[in-house]
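When you line the sequence shown up against mature numbering (1 follows the signal peptide of the UniProt record, and there is no 0), it's residues -30 to -1, 1 to 555, in that order.
Heads up, the beta-carbon is just placed ideally off N, CA and C, and yes, glycines get one too.
Presented below is the structure to which this report refers.
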Amino acid sequence: MILKHGRRWALVLSGLLLATQAACSPPAQTGRESPTTWVDEKIEQMSLDEKIGQMFIMGFRGEATEQAHTVNAQAEKLVKDYHIGGMILFDRNVDNPRQVAKLNQDLQALAMNNGAKIPLFVTIDQEGGRVSRFQEGATLFPGNMALGATRKPDLAYRTGKEMGTELRAMGINLDMAPVLDVNNNPRNPVIGVRSFGEDPQLVSQMGTEMIRGFHDAGVLTVVKHFPGHGDTAVDSHVGLPKVPHDRKRLERLELVPFKEAIDKGADMVMSAHVVFPAIEPTPGLPATLSKRVLTDLLRKELKFDGVITTDDMEMGAIKDHFGTSRAAVKAIQAGADIVLVCHQLDVQEKTIAAVKQAVSEGKITEERIDQSVRRILLLKAKKIGKRSIITHTQPELAQGEPFGNSAQAQAVARETAEGAVTLLQDKQKRLPLAPSKTARLLIVTSNKPQTFKAAAEKAGYQAEVVWVEEWAKAPVNELLAKAERADAVVIGMSRAQTKQLALIRQLEMKQKRVIVMGMDVPYDAVRLPSTSTVLALYGATRPSIEAGMRVVAGQLPAAGRLPVTVSSAYPYGFSAGVDGGGNES
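As structure tokens, this is what we get:
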């Protein structure tokens, strides 16, 4: 559901911000006070505890439930007692834009009235598509693979700018995006549609344009997951993946987008909890804990002088193999400037204590701490457009624009979704299905049933939608009976399930017109019957589903091209809907 109260939120927030802006914002810098001067003075004044605190970005959650929509005891303790440098928001912290703006305002007020009075990085994972923390009140942008399918870098720029404008209005000044992983492993369980595709040049071009858009909106970015998480078959949230390729292959593929982003001024690089034997010979040592990766490769060879952050150190790849607190020390020794610890207060406290102890024992020097703090503060002082984090700490509203869901932002989301839809297969020439002739649709999906129904009706169909919560328990016979009464059947497919495939085969045997809409990576196309019509949407946002239904109805062309290789029959660049089908020339 998209909320339609943008102007009311804007007025409420305007009054809210006017009352607190003066109290919470630091004085604007004068011509005599450069960012470097501000950084030098802060470092001179800060205690060791305050310096160490700046090297952490942490999250907070509720006690009885995960939900924490206001500053709670955990958040207050992290900011006031431990002087952390940033706060990361998750679904549990997000209700609507008005609430998030008030939350961020209160967090910054805590920081600006405490200790060294340094504003926070307020950050979030808002990538678009599958990884979007805002589901209400903010524009639902398709994800990176949809952008890759359009082949339009301008859309990546405009997505970054519009998404960034909404984030900055809510007080979020750092986005954990874009993903620069090159996805070339069909079995990758964690990257997939979060990647722009399998071609490093496409990923580079799209990624750097998105960064430029975020910057024009006043938002800093984090490129991830260095040196590349695209060719893994294990999710680092639960295990420790490995990329076994030699250095030449890494140079040719995985490293290309990161090099390009660094050359164009990347703000922050996030390390991957992934093992790279070609770079780090120590068995089982992931990039996050490797000096050869973070210092020798990223800092020295690639000449990155910005901020290096770890991925969350409470992920299984780290906590289960090394322990979060011990690994935090190793990450800093390896070259990390910021350590992410996103969830449990006791783990967060133990991790900060471990770093303090490492300094007191001489395992980490205070000079090394100062190097990281200098990079962090320089980034907070970095001017993007007319503002920086230290001069504009509070939520702000775009002049003359309603808050969120602007017509301009929605137009970008819609254009991306429409340009991404890729026709992979239509050997029976079922498309278009004109609503005037095939009005009755049966839609079977395990994802977004209400969105499907609204999109189908908007396209002119009469739609019966069946939501299948678990395909293993799907009532196949009941679905076959419903299909008899429909003119055509649309299957919303995230990742193909055995029973789902069986249903599709039985429908084809009964000569029903079947349209499969892929709402995730398109690799499952090879498992479908050759008679099925197959569209790749690369996501399940409302704009993507609406675009898919309009293509089915013949109201839009299928203009996208595959950004990944599915098989020899469906190679990179393939489209059965562009120029009569075929590959990119």
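Which residues mark the beginning and the end of the beta strand (DSSP E) in which residue i is found?
i	result
A257	Counting along the chain, A257 falls outside any beta strand (DSSP E), and DSSP gives it neither H nor E.
T503	T503 to A506
M238	M238 to S241
H195	L190 to F196
I308	I308 to V311
Give the straight-line distance between the Cα atoms of residue i and residue j, rounded to the nearest whole angstrom.
i	j	result
F422	V496	24 Å
H362	P112	29 Å
T392	L507	7 Å
K87	A81	6 Å
D396	S502	7 Å
G183	G56	22 Å
G547	S406	22 Å
K261	D124	37 Å
W437	S416	5 Å
K12	Y540	57 Å
I461	A529	21 Å
L225	D201	12 Å
V277	L401	50 Å
A297	K289	8 Å
E20	G32	25 Å
G293	M146	24 Å
V459	K482	7 Å
A119	V534	9 Å
S500	T321	54 Å
I474	L498	8 Å
K47	Q318	11 Å
S241	F196	5 Å
Quick check on residue i: does DSSP put it in helix, strand or coil?
i	result
F544	coil
I58	strand
K50	helix
F228	helix
R410	strand
T415	strand
I302	helix
I249	coil
residue 560	In the structure as shown, the chain starts at -30 and stops at 555, and residue 560 therefore has no counterpart that could be examined.
Go ahead and label residue i buried or exposed: buried means 16 or more other beta carbons lie within 10 angstroms of its beta carbon, across all protein chains shown.
i	result
K218	exposed
T335	exposed
R138	buried
G134	buried
A472	exposed
P148	buried
N553	exposed
E221	exposed
N83	exposed
S174	buried
N74	buried
A377	exposed
P365	buried
E36	exposed
For residue i, is the beta carbon positioned less than 8 Å from some heavy atom of the ligand COA?
i	result
T120	Among the components modelled here there is no ligand, and therefore nothing to report on the ligand COA.
For the alpha helix (DSSP H) containing residue i, list its first residue and its last residue.
i	result
E14	P5 to Q15
M285	Unbroken run through M285: none, as it is neither H nor E.
M25	First-last for M25: undefined, no H or E at that position.
Q327	L315 to S330
K212	Looking at the DSSP string, K212 is not in any alpha helix (DSSP H), and its letter there is neither H nor E.
F184	P170 to D186
I161	Here I161 belongs to no alpha helix (DSSP H), and DSSP marks it neither H nor E.
P513	R512 to A523
V70	P67 to M82
| request: Jot down the residue ranges of each uninterrupted alpha helix (DSSP H) in the stretch 87 to 153, minimum 4 residues, whole runs only, in chain order. | output: 114 to 120 and 123 to 139
| request: Starting from the N-terminal side, write out each stretch of the beta strand (DSSP E) that is 3 residues or longer and does not extend beyond the stretch 334 to 397. | output: 392 to 395
| Residue ranges of each alpha helix (DSSP H) run of no fewer than 4 residues wholly in the stretch 421 to 490, ordered along the chain? | 446 to 454 and 468 to 479
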